[in-house]
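Visitor: Listed in order, the protein sequences are those of chains A and B.
Count along the first sequence from 1, then add 5; that gives the number in this note's numbering.
Count along the second sequence from 1, then add 12; that gives the number in this note's numbering.
Please read through the structure below; I'll follow up with questions.
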Amino acid sequence: MSKSLLHNITIHLDIIAPLVAFFFAYYRKEKKLGEHVFIVIYLFIQLVLNTGIKVIMHANWGPNIYLYKANCLFSFIVISLYFLQKWKPYITQREWRLIAIGTGIISLLIYIIFTFEQVDAFNSYSYSITALFICTYCILYYYQKLLKPEAAKITHTRSFWFVSGLFLYYAGSFFIFLSFKFLTINDTPNASWVWKFHNLFFVPMCAAFSVGFRCQTNHTI
Amino acid sequence: MPNQPYDIISIILSTSFTLLIACFIIIFIVIYQKRHQRYIRERQELQTGFQQILLESQLEIQEQTLQTISQEIHDNIGQVLSLAKLNLGTMDTNRPDQLQQKIEDSKSLIGKAIQDLRDISKSLNTDYVSEMGLLQALEYELEMLKKSGGLTATLTTEGAYIKLEGQKELIIFRIVQEVINNIIKHAKANTIRVDLTYAPTRFTISVTDDGTGFDLSPLHAAQNSRFGLGIRNMHKRAQLIGAEFTIASTLGAGTTVSLLLPLAASQTAG
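Printed below as a string of structure tokens:
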């Protein structure tokens, strides 16, 4: 019984965790969001798409793979925008041009990946590429903070908690994303368990987001 | 089920990696706090250094101001008042025809001394310079120079006037004052030209004379020499406000001293 309850909770963690974080976002201490609005959008995307995935699956409304793909794409775009907004003051015009070219290339790559994948076939490699990019952003953030450690206490800043949450989720899930395709191709019986296990990583991420939303005005960066 | 261990491996790898990331974040916090302490210490040291240079410069300016006052009193006001005293001392009540003339002369001399004192006061008063602004203060300074005779002084401006920060304007004004004093004392010049250029991103001021000029090489050769001490001080003061100080001189053809101050976006907007 308890095993079944645990199983049910684990399955729905990708909805419960963002919902809790959303609650903290609503009752946040600092009302002004700034670039952190992208974190709220990200949570909203997770909440809507993960719920949609579950609804389609339980109601047997057909394939829901395209929702997974949409989740991957939108998450990547929103988080990229979040980090871009964060680095806006430090980016020169020349670098903006390079970023525009880079974004174009990445978009093309994503388009290729999505076009050559079948709509009803789940390819977790696109998730792992996204995770790799987001982890790189996070490492750049930490590096930048070490170069200019202005805030008296980094744990009192929203950015730190949001970036750490993202880093924990995407770095933790990276190997699952990378191996999932391989597991499904090889018909591993417990492959679905691996994906359910990945839902656990939503917990530290959303917990970190919740702490971030509790940060106060004078410490918010 | 030959492939079954792969899912376990995947889960183990992910969990271990997450724990590793969590450790990384904890280590990052520790390193960050240490770096922050160092960053604060370095910033405080920089601020202390800056305050020290500022104080040194202020003392230097004060010293020069006192020297100028003493020189002005001795060379100008002292002479005028001595002459007035002489006039009053040689008054002969038995010669009423001369008496009236001497009284008039003494009144005129004392009046001139009072005017000179006012001029010095205006020229040296920091508040007065700040209130008038750099452009007006320079115009006044050159007007005084023209009145004293012997030199032709002109002031030209290019671009729309931008009010700089009070401290910066004062330092620039004092540098220009010192340059003019040096020209009067050493250059044997007939004309002095002050050019101000206000561009959106920078402010330039140059003082040109047609005097004897001088050899700049000793300035670069001996750092500790007394020669060029004033120039070095001006250079130091310019550095203090983030300006670039340059000096170009040709023997027999005159000297040009320039000051280039980059302007912040907020200054140009204001």
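All residues carry an ideal CB built from backbone N, CA and C; glycine is no exception.
Indicate the three-state DSSP secondary structure (helix, strand or coil) for A:F28 in the structure shown.
Guide: Residue mapping note: residue 28 of chain A aligns to position 23 of the first sequence, counting from 1. Here A:F28 sits in helix by DSSP.
Visitor: Leaving out the 5 sequence neighbours to the left and right, which residues in its chain are closer than 8 Å to A:I14 when beta-carbon positions are compared?
Guide: Numbered from 1 along the first sequence, position 9 holds the residue referred to as residue 14 of chain A. Cβ neighbours of A:I14 beyond the five flanking positions: I21.
Visitor: Contact criterion: CB-CB distance below 8 Å. Does A:T160 meet it with respect to chain B?
Guide: Indexing the first sequence from 1 puts residue 160 of chain A at position 155. Chain B contact via Cβ: present.
Visitor: Would you say A:W198 reaches chain B, if we count a Cβ-Cβ gap shorter than 8 Å as a contact?
Guide: Taking the first residue of the first sequence as position 1, residue 198 of chain A is located at position 193. Interface residue, yes.
Visitor: Of the residues A:K37, A:S215 and A:L137, which one's Cα is nearest the Cα of A:S178?
Guide: Numbered from its first residue, the first sequence carries residue 178 of chain A at position 173. Restricting attention to A:K37, A:S215 and A:L137, the CA atom closest to the CA of A:S178 is found in A:L137.
Visitor: How would you list, in chain order, the residues of chain A whose beta-carbon sits under 9 Å from the beta-carbon of B:L271?
Guide: Walking along the second sequence from the start, residue 271 of chain B turns up at place 259. Correct list: empty, because the minimum Cβ distance to chain A is about 28 Å.
Visitor: Below 8 Å between beta carbons: does that hold for A:C220 and A:A26?
Guide: As a working mapping, residue 220 of chain A is identified with position 215 in the first sequence. As a working mapping, residue 26 of chain A is identified with position 21 in the first sequence. Contact flag unset, no.
Visitor: Classify A:D192: buried if its beta carbon has 16 or more other beta carbons within 10 angstroms, exposed otherwise.
Guide: Mapped onto the first sequence, residue 192 of chain A falls at position 187. It is exposed - the Cβ of A:D192 has fewer than 16 other Cβ atoms within 10 Å.
Visitor: Given a threshold of 16 other Cβ atoms within 10 Å of its Cβ, counted over all protein chains shown, does B:M246 qualify as buried or as exposed?
Guide: Position 234 of the second sequence holds residue 246 of chain B. In this structure B:M246 is buried. Its beta-carbon is surrounded by 16 or more other beta-carbon atoms within 10 angstroms.
Visitor: What's the call for B:M13, buried or exposed, on a 16-neighbour Cβ count within 10 Å?
Guide: As a first step, residue 13 of chain B must be located in the second sequence, where it is residue number 1. Annotation note: pLDDT 44 at B:M13 (below 50); position unreliable, coordinate value reported separately. Per the 10 Å Cβ criterion, exposed.
Visitor: Any beta carbon of chain A sitting closer than 8 Å to that of B:N15?
Guide: What you label residue 15 of chain B is simply residue 3 of the second sequence in a count that begins at 1. For B:N15, the predicted model reports a pLDDT of 49, less than 50, meaning its position is unreliable and no value from the coordinates is stated.
Visitor: If B:L272 sits next to B:L208, beta carbons under 8 Å apart, how far is it from one beta carbon to the other, in whole angstroms?
Guide: What you label residue 272 of chain B is simply residue 260 of the second sequence in a count that begins at 1. What you label residue 208 of chain B is simply residue 196 of the second sequence in a count that begins at 1. Contact doesn't hold; Cβ gap of about 12 Å is too wide.
Visitor: Please state the DSSP three-state secondary structure of A:T189.
Guide: For the purposes of this step, residue 189 of chain A is taken as the residue at position 184 of the first sequence. Here A:T189 sits in helix by DSSP.
Visitor: For chain A, is any of its Cβ atoms less than 8 Å away from the one on B:H48?
Guide: Locating residue 48 of chain B in the second sequence gives position 36, counting from the first residue. Yes, B:H48 counts as interfacial toward chain A.
Visitor: Alpha carbon to alpha carbon, how far is A:N69 from A:I190? Give it in angstroms, no decimals.
Guide: One-based indexing of the first sequence puts residue 190 of chain A at position 185. One-based indexing of the first sequence puts residue 69 of chain A at position 64. Answer to the nearest angstrom: the Cα atoms are 19 Å apart.
Visitor: Assuming B:L252 contacts B:I183 under a Cβ cut-off of 8 Å, what Cβ separation, rounded to an integer in Å, is found between them?
Guide: The residue you call residue 252 of chain B lines up with position 240 of the second sequence. The residue you call residue 183 of chain B lines up with position 171 of the second sequence. Right, the Cβ-Cβ distance comes to about 7 Å (below 8 Å), so this counts as a contact.
Visitor: What do you reckon, are the CB atoms on B:I187 and B:A250 nearer than 8 Å?
Guide: To locate residue 187 of chain B, count along the second sequence from 1; it is residue 175. To locate residue 250 of chain B, count along the second sequence from 1; it is residue 238. It is a contact, given that the beta carbons lie within the stated cut-off.
Visitor: Taking only runs that begin and end inside the region 206 to 260 of chain B, name each unbroken beta strand (DSSP E) of 3 or more residues, in chain order.
Guide: 214 to 221
Visitor: Indicate whether at least one CB of chain B lies closer than 8 Å to the CB of A:Y142.
Guide: By one-based count along the first sequence, residue 142 of chain A stands at place 137. By this cut-off, A:Y142 is not an interface position.
Visitor: Using the beta-carbon of each residue, which ones in chain A are nearer than 8 Å to B:S26?
Guide: Translated into positions along the second sequence, residue 26 of chain B becomes position 14. Result: G177, S178, F179, F180, I181, F202, H203 and F206.
Visitor: Closest to A:L205 by C-alpha separation, out of B:D19, B:E54, B:L129 and B:T27, would be which residue?
Guide: Position 200 of the first sequence holds residue 205 of chain A. Measuring from the Cα of A:L205, the nearest candidate turns out to be B:T27.
Visitor: Where does B:T138 fall in DSSP's three states?
Guide: What you label residue 138 of chain B is simply residue 126 of the second sequence in a count that begins at 1. Helix.
Visitor: Answer with yes or no whether the minimum CB distance from B:I38 to chain A is below 8 Å.
Guide: Taking the second sequence and counting its residues from 1, the one referred to as residue 38 of chain B is at position 26. No, its Cβ sits nowhere closer than 8 Å to a Cβ of chain A.
Visitor: How about A:H224: is its C-beta nearer than 8 Å to some C-beta of chain B?
Guide: Translated into positions along the first sequence, residue 224 of chain A becomes position 219. With a pLDDT of 46 at A:H224, under the threshold of 50, the predicted position of this residue should be treated as unreliable, though the coordinate-derived value follows. A:H224 is outside the set of residues whose beta carbon lies under 8 Å from a beta carbon in chain B.
Visitor: Quick one: give me the first and last residue of the beta strand (DSSP E) that B:P274 is part of.
Guide: Numbered from 1 along the second sequence, position 262 holds the residue referred to as residue 274 of chain B. Where B:P274 is concerned, the enclosing beta strand (DSSP E) stretches over G266 to P274.
Visitor: Taking the straight line between their C-alpha atoms, what separation do you get for A:T141 and B:Q189?
Guide: To locate residue 141 of chain A, count along the first sequence from 1; it is residue 136. To locate residue 189 of chain B, count along the second sequence from 1; it is residue 177. If you take the alpha carbons of A:T141 and B:Q189, they lie about 56 Å apart.
Visitor: Please classify A:I84: does DSSP put it in a helix, a strand, or coil?
Guide: For this step, residue 84 of chain A is matched to residue 79 along the first sequence. A:I84: helix per DSSP, three-state reduction.
Visitor: What's the C-alpha gap between A:Y71 and A:F29?
Guide: As a position in the first sequence, residue 71 of chain A is number 66, starting the count at 1. As a position in the first sequence, residue 29 of chain A is number 24, starting the count at 1. Using only the alpha carbons, I get a separation of about 29 Å.
Visitor: Got a sec? Which residues, its chain only, sit under 7 Å from A:L44 by beta carbon, not counting five neighbours each side?
Guide: Within the first sequence, the letter at position 39 stands for residue 44 of chain A. Checking the sequence, you will find Ile at residue 44 of chain A rather than Leu. For A:I44, same chain residues with a beta-carbon under 7 Å away, outside a window of 5 residues either side, are Y87, F167 and F214 in chain order.
Visitor: Report yes or no: is there a C-beta of chain A within less than 8 Å of the C-beta of B:T213?
Guide: As a working mapping, residue 213 of chain B is identified with position 201 in the second sequence. No, because no Cβ of chain A sits closer than 8 Å to the Cβ of B:T213.
Visitor: In the DSSP output, what is B:L167 paired with across the bridge?
Guide: Within the second sequence, the letter at position 155 stands for residue 167 of chain B. In the DSSP output, where bridge partners are listed per residue, B:L167 has B:V206.
Visitor: For B:D19, which residues in chain A fall below 7 Å Cβ to Cβ?
Guide: The residue given as residue 19 of chain B occupies position 7 in the second sequence. The contacting residues are L188, T193, N195, A196, W198 and V199.
Visitor: So, helix, strand or coil for B:T262, using DSSP?
Guide: On the second sequence, position 250 is the one that residue 262 of chain B refers to. In the structure shown, B:T262 sits in a strand (DSSP, three-state: E or B).
Visitor: Can you find a C-beta in chain B that's less than 8 Å from the C-beta of A:K150?
Guide: Indexing the first sequence from 1 puts residue 150 of chain A at position 145. Yes, A:K150 counts as interfacial toward chain B.
Visitor: Could you give the distance in angstroms between the alpha-carbon of B:L228 and the alpha-carbon of B:L241?
Guide: On the second sequence, residue 228 of chain B is found 216 positions in, with the first residue counted as 1. On the second sequence, residue 241 of chain B is found 229 positions in, with the first residue counted as 1. C-alpha separation (whole angstroms): 12 Å.
Visitor: Give the residues of chain B in contact with A:A157, contact being defined as C-beta atoms less than 7 Å apart.
Guide: Counting from 1 along the first sequence, the entry for residue 157 of chain A is found at position 152. Those are H48, listed as they occur along chain B.
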